[in-house]
Amino acid sequence: MKCREMVELMTNYLEDALSARDRARFEEHIAGCDGCRVYLEQMRATRDAVRKIAEEPIPEHIQEQLLEAFRSWKATGT
Amino acid sequence: MAYVRDRETAEDVVQEAWLTAIRQLERFEGRSSLRTWISGIVINVARARRRKESRVLTFTSFFGDLADRRKPTVEPSRFRPDGTWRELPRSWDNVPEEKMIGKETLGRIKAAIEELPPKHREVIVLRDVAQLDASEVGTLLGISAENQRVRLHRARAAVRKSLEEYLA
Numbered sequence: 001m002k003c004r005e006m007v008e009l010m011t012n013y014l015e016d017a018l019s020a021r022d023r024a025r026f027e028e029h030i031a032g033c034d035g036c037r038v039y040l041e042q043m044r045a046t047r048d049a050v051r052k053i054a055e056e057p058i059p060e061h062i063q064e065q066l067l068e069a070f071r072s073w074k075a076t077g078t
Numbered sequence: 001m002a003y004v005r006d007r008e009t010a011e012d013v014v015q016e017a018w019l020t021a022i023r024q025l026e027r028f029e030g031r032s033s034l035r036t037w038i039s040g041i042v043i044n045v046a047r048a049r050r051r052k053e054s055r056v057l058t059f060t061s062f063f064g065d066l067a068d069r070r071k072p073t074v075e076p077s078r079f080r081p082d083g084t085w086r087e088l089p090r091s092w093d094n095v096p097e098e099k100m101i102g103k104e105t106l107g108r109i110k111a112a113i114e115e116l117p118p119k120h121r122e123v124i125v126l127r128d129v130a131q132l133d134a135s136e137v138g139t140l141l142g143i144s145a146e147n148q149r150v151r152l153h154r155a156r157a158a159v160r161k162s163l164e165e166y167l168a
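Chains A and B, in that order, give the protein sequences.
The first sequence: position 31 = 31 (the numbering used here), numbered continuously.
The second sequence: position 16 = 16 (the numbering used here), numbered continuously.
Rendered as structure tokens:
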């Protein structure tokens, strides 16, 4: 497997969607390729950083809008 | 024009806040079905907005995933003709944790997510921001597991690229 093909398999690997055989080939390549190992780490770090977005506190005026939306949805019985 | 833009941004923020609320509900009450239900509302709102923006359901929206699968997510120029790295990506290992999850970095990430095509954006927001699981997202969006992975891959790869530029 070439590095150019490896980078397109990274999400399938992280999602555990590769067949046992492809997974073994993928891991074998990673073990011997610094570039792909770093790229995989970056994809993991990217996913983890995106997850942090939801942990930021909600600004007060947005909270107000949210409560408002909750109330009107409740009122219409949706 | 500026008004519309601001309004759109405001709506995006509300939507994002909604997703945060979804996570909080799960965390405090463990009510997964309610969370899924609210996600459905958020998606419907987002879809209605998109329909208003472009009234034509294009061919590409149907065959997009198929075409996407073939398009490289990494600049072809980064590889030699034999498919190996021309120049290795630089490790982020020495980027301090405070910077990696700092306000500025998260701002960069949000901007990158906002620039994504809506179909890619909704998948990364639901999977990575709201942290719904793959089967929930598949049900909500009505897409196959494979198409979901294609979209998630393209979305994460685009955010990675933007982070790479920022952290360089």
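We treat Cβ as the ideally placed atom computed from N, Cα and C, and that holds for glycine.
Original post:
How about Ile53 of chain A: is its C-beta nearer than 9 Å to some C-beta of chain B?
Top reply: Here residue 53 of chain A refers to the residue found at position 53 when the first sequence is read from its first residue. Answer yes: the Cβ-Cβ gap between Ile53 of chain A and chain B drops below 9 Å somewhere.
**OP:** With 7 Å as the C-beta to C-beta threshold (strictly closer), list the residues of the region 142-162 of chain B near chain A in chain order.
**Re:** Arg149, Leu152, His153, Arg156, Val159, Arg160
**OP:** Quick one: using the 10 Å Cβ neighbour count with 16 as the cut-off for buried, is Asn147 of chain B buried or exposed?
**Re:** For the purposes of this step, residue 147 of chain B is identified with residue 147 of the second sequence, where counting begins at 1. Buried, since its Cβ has 16 or more Cβ neighbours within 10 Å.
**OP:** Look at the alpha carbon of Val159 of chain B and the alpha carbon of Val137 of chain B, and state the distance between them as a whole number of angstroms.
**Re:** Locating residue 159 of chain B in the second sequence gives position 159, counting from the first residue. Locating residue 137 of chain B in the second sequence gives position 137, counting from the first residue. One C-alpha to the other measures close to 20 Å.
**OP:** Starting from Arg21 of chain A, find everything on chain B with Cβ-Cβ shorter than 8 Å and list it in chain order.
**Re:** For the purposes of this step, residue 21 of chain A is taken as residue 21 along the first sequence, with counting starting at 1. Neighbours of Arg21 of chain A on chain B: none; closest Cβ ~18 Å, over 8 Å.
Original post:
How many Å lie between Glu87 of chain B and Phe79 of chain B at the Cα?
Top reply: Taking the second sequence and counting its residues from 1, the one referred to as residue 87 of chain B is at position 87. Taking the second sequence and counting its residues from 1, the one referred to as residue 79 of chain B is at position 79. Going from the Cα of Glu87 of chain B to the Cα of Phe79 of chain B covers about 8 Å.
Subject >> Proximal chain B residues relative to Gly32 of chain A, where beta-carbon distance stays under 9 Å >> reply: Here residue 32 of chain A corresponds to residue number 32 of the first sequence, with the count starting at 1. Ordered by position in chain B, no residue passes the 9 Å Cβ test against Gly32 of chain A, which lies about 12 Å from the chain.
Subject >> Backbone CA spacing between Ser19 of chain A and Ile101 of chain B [nearest angstrom] >> reply: The residue you call residue 19 of chain A lines up with position 19 of the first sequence. The residue you call residue 101 of chain B lines up with position 101 of the second sequence. Taking the straight line from one Cα to the other gives about 33 Å.
Subject >> Bridge partners - Trp85 of chain B, DSSP secondary structure assignment >> reply: What you label residue 85 of chain B is simply residue 85 of the second sequence in a count that begins at 1. For Trp85 of chain B, which the question treats as bridged, DSSP gives the partners B:Phe79.
**OP:** Just the chain B side, please: which residues come within less than 7 Å of Tyr39 of chain A by C-beta, in chain order?
**Re:** Here the question's residue 39 of chain A lines up with position 39 in the first sequence. Chain B residues near Tyr39 of chain A: Pro89.
**OP:** From the DSSP output, in three-state form, read off Arg43 of chain A for me.
**Re:** Start at 1 with the first residue of the first sequence, and residue 43 of chain A comes out as number 43. The question names Arg, but residue 43 of chain A in the sequence shown is Met. If DSSP states are grouped into helix, strand and coil, Met43 of chain A belongs with the helices.
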